[in-house]
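K.L.:
Numbering (the numbering used here), first residue to last: 1051 to 1813.
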Amino acid sequence: MQKRTTSRINSILIIVMCLVSIVLVGSSVAMLTGYSKTLHNGAEVLGLVYSKQTSDDFTKVMNTYRTRSETFAENLMGMPMESVDELSLGIGRVNKEKQFKEIMFIRYFRDGKEYSLGDREFDMTREAKSVLVGSKTGETFCAGVVEDFNQSISAVAYCVPLKNCAYADCIVLYYPTGPFFDSITPSEDSEKYSQLTTICSAEGEIVSIVYRNKNGEFEVQQHNNIYEILKVRINDKNTIDNMRNLVADGSSGSFSVKIAGEDNVVSVLGISEHGTSPFSVISVYKSTDVYSAAYSTVSTVLAELAIFFVMLIFAAVYFIISFRASERRIRNIKEYNEVIGCPTRIKFERVSADIIRQNAGSQFAVIVVDIRHFDYMTDQMGEEKMTEELRRMKDFYSRFLQVHETYGYAGNGRFILLLHYRDEQALAARLKALTTYLGISKITSSGERITLSAYGGIYKTTGDRTTTVERMVERAISAANATSYPFDFDAFRVYNERLHSRNAMNEYIEVNMQSALDNHLFKVFYQPKFNLEGSRPDGCEALVRWYNPETDEYMQPGIFLPLFEQNRFIVKLDKYVYEQVCIYIANTVAEHRQLYPISVNVSRITASEPDFVSHYIAIKNKYNIADNFLTIEFTESFAFEDYERLRETVTTLHNNGFQCSIDDFGSGFSSYNILKELPMDEIKLDRFFILKGFSEDRDLKVLSSVIKLGRELNMKVTQEGVETKDQLMLLKKLGCNVIQGYYYSKPLVQGDYDDFLTRKFIL
Ligand code: C2E
Ligand code: CA
Ligand code: CA
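Right, dumping it as C-alpha cells:
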C-alpha cells in the first residue's frame, strides 16, 4: 500500500516537472516571440530610415529641377506675353539659354487646357492627371512621369505658375527621365542592406531602380508594377492593399513580410507635394540584414528551445512508458507468489473487487482459511514439505472454484477465497469440503504423524458498496481470530455485528489502556486453588481485570488481552500484575499472615522479551520473596513456538526459586513431548478436558492418561474450571492433585481472598 503511494507520488512529481518545464519553455517562447515582435518593429523602423536616405537624395534632385524650372519661369516673366506669339517667342528665347537645354519640350496651360507652343490644344487623357491638378495649384510642382508611348517619350513634368501673364496660367517643362533618375545614387545603406530599392509612381509603376541585389529575389525591370512583383512573393493581399494606399497618399509605412520563408521588411516612403504624390521610394530589406545579430540570436534560441521541447516530450514519454513498465513488473511480483504458484492477497483483492462489481446482484463470501499452528507445523514438517502441502492446497482450491470466484495466498498458511453462494446451506457444504481436505494426517520429518487442521473466518457481502475488499478480508480475519478455539475444531466463524462492535471496543481499549495502567485501574483478582490430596488450600492464581470507576464494573481479560497481545501492551501489563502480586506477598509476610504460593500468567509475548527472566528475578529479589512462592504459568502455545527457549527460561527460573506451570494444556495442539521434555512443576488442564471428556468414554480415557502421565513425571496436575461436585469426585478418583474452579471459589478481590483463607474453607 505504501509502495503504491510512493510510486504515485513519483509519477505525480514527473508530471509536475514536465508541466513546469513545458510552462517554462512556453513562457520563454512567448517572451522570445514578444521580443522578435519588437525586432520586427525595429527592422521596420530601420527599413524606413534606410529608405529615407534614398528619398532625401531624390528630393535633392527634385529640388534642383524645381529651382531650374522656376528660374525658367522667372526669366520668361521678364518678357512681354500678351499673345500667343509673344509667349512662344519668349519661351523660345529663354529655352535657348544653356542651362535649359535639357528640356525636352514645353507646354503651357490656359483655363485648364494644355497647349503646345503653336497654341495647339492637347488631348489630356494621354497625360498624367497630376499635371492637370498641378496646373491649378499656383505653386511650382512636379507632376511625375508622363509617358507617350506612341512617340516612346517618357518625361518628368514640372508645372510652374506664370504670374502676371495674361495669356497663360502656367507652363509645364518636360525633362527626360533618364538623366533625372540617373542623378540619384543609391545610399551606402541601401547597397548594404536592401534587396531592392525603387522609385515608383503613384500607381506603383517602377520608374527607377535605384538598387537591386544581383543575388537577390528580384528580377525587375523599369515599368514593372511593384505590386505585381511583390504580390507573387509575399502572398498577402492585405499588405499589398495597405502599400497601395500609402503610395497613393504619398505617406510612409513599413511592413514585416515573409518572402520565401524568410523575414523581410517592405518600406514605403512617399514623396508628396501639395496634396499629391508623384513618387514613392519602395524598398525591400531582409530582416536578418538590418537586424542581424539579434535576429540570429532569437532564431537560434527559438530553434534550441524547440529542440529542447521535443526532447522534453520524448523524455517525458520515455519516463512514463518505462515507469509504467516497472510498475507493471513490480505489480506482477506483488501479485504472484512464485513459491507456491498462487496469486497474492493484493491480486486477490483486485480481482475480487472486479468480480463483485460486475455481479452486483450476487451474494459473495470472503473466506480466510488458516492452517492452525502454522509455524509449529512448519517446524515439524520442514519448510519443503509445508511448501508442497501449500501447493497441494492451492491446486485443490483452484479446482474447487466455480466461475466468478477467485482465491489467493496471503502468506503464513493463510488462503483467501471469494465464493458466491445462493443459500447458507450450500455455502456450509462447500466450506465442509474445504476443511475436510486438510484433515488428512501427514508425516513429520521426525516420523511423527500429525494432522493439519484449518480454521477460518467468513465475511458475507451485504451489498454495501463502500466496503472495500481489503476491509472484507480484514473482517474475515477478525472473525477467524474469534473462533472459539478449541471448542469447535475446523470451525469457520462468520463476521457479524457483534464482531463489529468488538472492533469499536478495541478502539476504546487502545485509546485508554495506558492511562488505565497509570491510574491503577487494572486490578488483580486471586482465584483460590484446592489441593485434593491434602484437603487444603493450594494457593491461588492471579487474574487481571480492568476496573471502570464510572460504571463500577470490571472488564474481563478475554476482551482486552487479545488486543494487548497484538499491540504488545501485554508486556507492560504482565509486569504490572506480577509486581502487584509481589507487593501483596511482601505485605502478607510483613503482616505475619500465612503465605500460600501464587501463580501469575505470562503471555508468550512477555516471555519472549529479552529481559523477561532477569526482570522477573530482579522484582522477586526487590521484594525479597522466598523461593517457591511464585509460579509462572506459560501457555501451551508458547511451548509450540519456541520449545528450546522455553526450556532455557524454565531452567533459569528454577535456579532462581520460581515454579513453572504449563497452562491450558489440551486446548491447542497437545503434544506429550512437551510434558516429557520440559521440566515443568505443574500441568494445568484446560476446562475443555472436563467439558468434553466427561461425556465420552474415549475422552475420559485421554484425561485419565494425561493425569497419570503428569504424575509419573512428578508434576502437580491441576484441573481448571471445576464447577460441580461430580467433576471434583471424578478428578479425585483419577488422581488429579489440585482443582481450581467456581466450585471451590470464583476469583476474588484481595481482601476477600484474605478472608477466604482465614476461613480455611475445606471441600
Ligand atoms: P486462565 O489462565 O486459563 O485462567 C482461568 C480462567 O478461567 C479465568 O478466566 C477464570 O476466571 C476462569 N475460571 C475459573 N474457574 C472457572 C470455572 O469454574 N468455570 C469457568 N467457566 N471459568 C472459570 P479469566 O479471569 O477471564 O481469564 C481469562 C484468561 O486471561 C486467563 O485464562 C489467562 O490466560 C488470561 N489472563 C488473566 N490474567 C492475566 C494476566 O495477568 N496476564 C496474562 N498474560 N494473562 C492473563
Ligand atoms: Ca492461567
Ligand atoms: Ca488455563
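All residues carry an ideal CB built from backbone N, CA and C; glycine is no exception.
Confirm the yes/no value for this check: CB of T1627, any heavy atom of ligand 1, distance under 6 Å.
P.N.:
The amino acid occupying residue 1627 in the given sequence is Val; Thr does not appear at that position. True, at least one ligand heavy atom lies under 6 Å from that Cβ.
K.L.:
Pick helix, strand or coil for S1019, following the three-state DSSP scheme.
P.N.:
This structure cannot speak to residue 1019, because the chain is shown only from 1051 to 1813.
K.L.:
Judging by CA-CA distance, which residue of Y1471, I1675 and S1372 is the nearest neighbour of V1453?
P.N.:
Checked all of Y1471, I1675 and S1372; the closest Cα to V1453 is Y1471.
K.L.:
Flag K1734 as yes when its Cβ comes closer than 6 Å to any non-hydrogen atom of ligand 3, and as no otherwise.
P.N.:
Under cutoff, so the answer is yes.
K.L.:
Could you spell out where the alpha helix (DSSP H) holding A1415 opens and where it closes?
P.N.:
Note, A1415: premise wrong, no alpha helix (DSSP H); beta strand (DSSP E) at Q1413 to I1421.
K.L.:
Determine the burial state of S1302: buried for a count of at least 16 other Cβ atoms within 10 Å of its Cβ, exposed for fewer.
P.N.:
Buried, since its Cβ has 16 or more Cβ neighbours within 10 Å.
K.L.:
Let me confirm a value: Q1408 is counted as buried when at least 16 other C-beta atoms fall within 10 Å, else exposed. Which label applies?
P.N.:
Classification for Q1408: exposed.
K.L.:
To the nearest whole angstrom, what separates the beta carbons of P1647 and N1678, a pair I think is in contact under 8 Å?
P.N.:
Yes, P1647 and N1678 are in contact; Cβ-Cβ is about 7 Å, under 8 Å.
K.L.:
Alpha helix (DSSP H) containing M1522: first to last residue?
P.N.:
M1522 -> alpha helix (DSSP H) spans V1519 to N1531.
K.L.:
Return the bridge partner residues of E1732 from the DSSP annotation.
P.N.:
Paired residues: S1711 and K1766.
K.L.:
Can you pull every residue whose C-beta falls closer than 6 Å to some heavy atom of ligand 2, listed in chain order?
P.N.:
Going by the Cβ distance cut-off, the answer is E1591, N1651, E1683 and D1713.
K.L.:
Let me make sure I understand the geometry here. Which of E1267, I1380 and E1727 has the alpha-carbon closest to that of E1698?
P.N.:
For E1698, the nearest C-alpha among the options comes from E1727.
K.L.:
Does the segment 1275-1292 touch the segment 1308-1319, meaning 3 or more C-beta pairs lie closer than 8 Å?
P.N.:
Yes: the two stretches touch, three or more of their Cβ pairs being nearer than 8 Å.
K.L.:
Is there contact between the segment 1348-1357 and the segment 1081-1095, where contact requires at least three CB pairs shorter than 8 Å?
P.N.:
With the cut-off at 8 Å, the segment 1348-1357 and the segment 1081-1095 touch.
K.L.:
Quick one: residues in its chain with C-beta nearer than 7 Å to the C-beta of M1605, no 5 flanking neighbours on either side, listed in chain order?
P.N.:
Once the five neighbours on either side are set aside, the close Cβ partners of M1605 are R1595, W1596 and N1598.
K.L.:
On a Cα-Cα basis, can you pick out the residue from K1782, K1672 and S1119 that is closest to I1633?
P.N.:
Nearest option by C-alpha distance: K1672.
K.L.:
If you drop the 5 nearest sequence neighbours on each side, which residues of the same chain put their C-beta closer than 7 Å to that of Y1341?
P.N.:
Contacts found: L1089, G1092, A1093 and L1096.
K.L.:
For the segment 1576-1589 against the segment 1774-1787, do three or more pairs of beta-carbon atoms, one drawn from each stretch, fall closer than 8 Å, so that the two count as touching?
P.N.:
The segment 1576-1589, when compared against the segment 1774-1787, does touch it at the 8 Å Cβ threshold.
K.L.:
Taking 6 Å as the cut-off, is the C-beta of P1578 nearer than that to any heavy atom in ligand 1?
P.N.:
Answer for P1578: no, Cβ out of range of ligand 1.
K.L.:
With the cut-off set at 7 Å, would you say M1112 and C1192 are in Cβ contact?
P.N.:
Contact flag set, yes.
K.L.:
Quick check on DSSP: helix, strand or coil for Y1208?
P.N.:
Residue state, collapsed to three classes: strand.
K.L.:
Can you name the start and end residues of the beta strand (DSSP E) that P1229 belongs to?
P.N.:
Where P1229 is concerned, there is no enclosing beta strand (DSSP E), although the alpha helix (DSSP H) it sits in stretches over T1227 to D1232.
K.L.:
Roughly how many angstroms separate the alpha carbons of L1469 and S1412, rounded to a whole number?
P.N.:
Answer to the nearest angstrom: the Cα atoms are 10 Å apart.
K.L.:
Just to check, is the beta-carbon of E1698 closer than 6 Å to a non-hydrogen atom of ligand 3?
P.N.:
Answer for E1698: no, Cβ out of range of ligand 3.
K.L.:
Determine the contact status of L1481 and F1542, defining contact as a CB-CB distance below 7 Å.
P.N.:
Yes, the Cβ-Cβ distance between L1481 and F1542 is below 7 Å.
K.L.:
Count the other C-beta atoms from every protein chain shown that fall within 10 angstroms of the C-beta of Q1245, then say buried if there are 16 or more, exposed otherwise.
P.N.:
Looking at its Cβ environment, which holds 16 or more other Cβ atoms inside 10 Å, Q1245 is buried.
K.L.:
Can you grab the Cα-Cα spacing for the pair L1069 / F1359, in whole Å?
P.N.:
So the two alpha carbons sit approximately 11 Å from each other.
K.L.:
For T1104, which residues in the same chain have their Cβ closer than 6 Å to its Cβ, ignoring the five residues on either side in sequence?
P.N.:
For T1104, where only same-chain residues beyond five positions count, the Cβ hits under 6 Å are S1237, S1240, T1247, V1260 and V1331.
K.L.:
Using a Cβ-Cβ cut-off of 7 Å (strictly less than) and excluding sequence neighbours within five positions of N1617, which residues of its own chain qualify?
P.N.:
Taken in chain order, the residues that qualify are E1560.
K.L.:
Count the other C-beta atoms from every protein chain shown that fall within 10 angstroms of the C-beta of R1374, then say buried if there are 16 or more, exposed otherwise.
P.N.:
When all chains shown are included, R1374 counts as exposed.
K.L.:
For Q1245, name the three-state secondary structure that DSSP assigns.
P.N.:
Three-state result, Q1245: strand.
K.L.:
Ligand 3 heavy atoms versus the CB of E1603: any closer than 6 Å?
P.N.:
Because no heavy atom of ligand 3 lies under 6 Å away, the Cβ of E1603 does not count as near it: no.
K.L.:
Just checking my contact of A1252 with A1216 at CB under 8 Å: how many whole Å lie between their CB atoms?
P.N.:
Incorrect: roughly 33 Å between the Cβ atoms, too far for contact.
K.L.:
First and last residue of the alpha helix (DSSP H) that includes I1256?
P.N.:
Counting along the chain, I1256 falls outside any alpha helix (DSSP H), though it belongs to the beta strand (DSSP E) covering I1256 to R1262.
K.L.:
Give the DSSP-derived three-state secondary structure of K1110 in the structure shown.
P.N.:
The answer is helix: DSSP assigns K1110 an H, G or I state.
K.L.:
If we count the other Cβ atoms within 10 Å of its Cβ and call it buried at 16 or more, is R1157 buried or exposed?
P.N.:
With 16 or more other Cβ atoms within 10 Å, it is buried.
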